[in-house]
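These protein sequence lines map, in sequence, to chains A and B. Residue numbers for the first sequence follow our numbering, so the first one is 1 and each next one is one higher. Residue numbers for the second sequence follow our numbering, so the first one is 1 and each next one is one higher.
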Amino acid sequence: GDSVTQMEGPVTLSEEAFLTINCTYTATGYPSLFWYVQYPGEGLQLLLKATKADDKGSNKGFEATYRKETTSFHLEKGSVQVSDSAVYFCALSDQGTYKYIFGTGTRLKVLA
Amino acid sequence: KAGVTQTPRYLIKTRGQQVTLSCSPISGHRSVSWYQQTPGQGLQFLFEYFSETQRNKGNFPGRFSGRQFSNSRSEMNVSTLELGDSALYLCASSFPGGEAGYTFGSGTRLTVV
């Protein structure tokens, strides 16, 4: 079945460092891909999405490119801030089954 | 527009009791999904409803049930509560295919004592 694999956390970075959080997926069809962010005490918020191969989703300085050849959707940000400290979830949406699959989440901690 | 509203925000129940959680989706969203989030197990899918029908179901025991009303509002019920049911329960709504993404509520924090 479909699955999403994220890198283990926590990821600890200094402010202004470059961020990469790896995400790979397996899917039988052509899923849409998403990144969500969860701040402490809150629900998840949609950060960005991509619906087809080679699409780049971007928001708030974060970017991710849908790579069909490597089945990946890695999250990147050029310069992280303390306020980016949160848990990040990669997810896919299978249009055939309407199933939504989340990764296990990666905790990011940014130090001032 | 109003977001996804979950009530109550916090709940404390005793083992063996039952509980009902409520979720009001964003206007126009007809799909509602429920997730259980715990530190040990992460985010686990409970079930998804669309047009008052359960369309997908996760691997939870029958003590966990849900329903959706004609106005798309959804409830989930947990009967015979166990200590391990303590968790953050998240509701998410979306357009039918989910391709535009989910909008999550802030969750209901359930503590079973």
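Don't be surprised by glycine CBs; every beta carbon is placed ideally from N, CA and C.
Straight-line gap, residue i to residue j (C-alpha atoms, nearest Å)
i: Glu190(A); j: Glu76(A); result: Limits of chain A in this structure are 1 at one end and 112 at the other, which puts residue 190(A) out of reach.
i: Leu110(B); j: Gln54(B); result: 23 Å
i: Ala87(B); j: Gln17(B); result: 15 Å
i: Tyr30(A); j: Leu46(A); result: 20 Å
i: Thr12(A); j: Glu63(A); result: 19 Å
i: Asn77(B); j: His29(B); result: 21 Å
i: Thr106(A); j: Ser79(B); result: 32 Å
i: Gly9(A); j: Leu108(A); result: 7 Å
i: Gln44(B); j: Phe104(B); result: 14 Å
i: Gly107(B); j: Thr65(A); result: 30 Å
i: Val80(A); j: Thr14(B); result: 43 Å
i: Val82(A); j: Glu16(A); result: 9 Å
i: Leu33(A); j: Pro40(A); result: 23 Å
Residue i, enclosing beta strand (DSSP E) - first and last residue
i: Arg109(B); result: 108-112
i: Phe47(B); result: 42-50
i: Val11(A); result: 11-14
i: Gly66(B); result: 64-68
i: Val110(A); result: 106-111
i: Thr20(A); result: 19-21
i: Arg55(B); result: 53-57
Residues that DSSP places opposite residue i in a beta bridge
i: Pro20(B); result: This sequence places Thr at residue 20(B); Pro is not what is there. According to DSSP, Thr20(B) bridges with Asn77(B).
i: Glu63(A); result: Ser58(A), Glu76(A)
i: Ser93(A); result: Ser32(A), Tyr100(A)
i: Tyr35(B); result: Phe45(B), Leu90(B)
i: Ala86(A); result: Leu108(A)
i: Leu11(B); result: Leu110(B)
i: Lys49(A); result: Phe34(A)
i: Ser3(A); result: Thr26(A)
i: Thr103(B); result: Ser93(B)
Any non-hydrogen atom of the ligand MG within 7 Å of residue i CB
i: Gln81(A); result: For the ligand MG, the structure offers nothing, since it holds no ligand at all.
Partner residues on chain E for residue i, Cβ-Cβ distance less than 9 Å
i: Tyr100(A); result: Structure shown: chain E not included; protein chains present are A and B.
Whole-number beta carbon distance between residue j and residue i, since they are thought to touch under 8 Å
i: Phe50(B); j: Ser70(B); result: With a Cβ gap of about 12 Å, Phe50(B) and Ser70(B) do not count as contacting.
i: Gly62(B); j: Leu46(B); result: Not really, about 12 Å apart at Cβ, beyond 8 Å.
i: Thr71(A); j: Thr26(A); result: 7 Å
i: Gln6(B); j: Ser22(B); result: 7 Å
For this session: Check whether the segment 69-86 of chain A touches the segment 14-21 of chain A, taking contact to mean three or more Cβ pairs, one atom from each stretch, closer than 8 Å.
Result: Under the 8 Å Cβ criterion, the segment 69-86 of chain A counts as touching the segment 14-21 of chain A, having at least three qualifying pairs.
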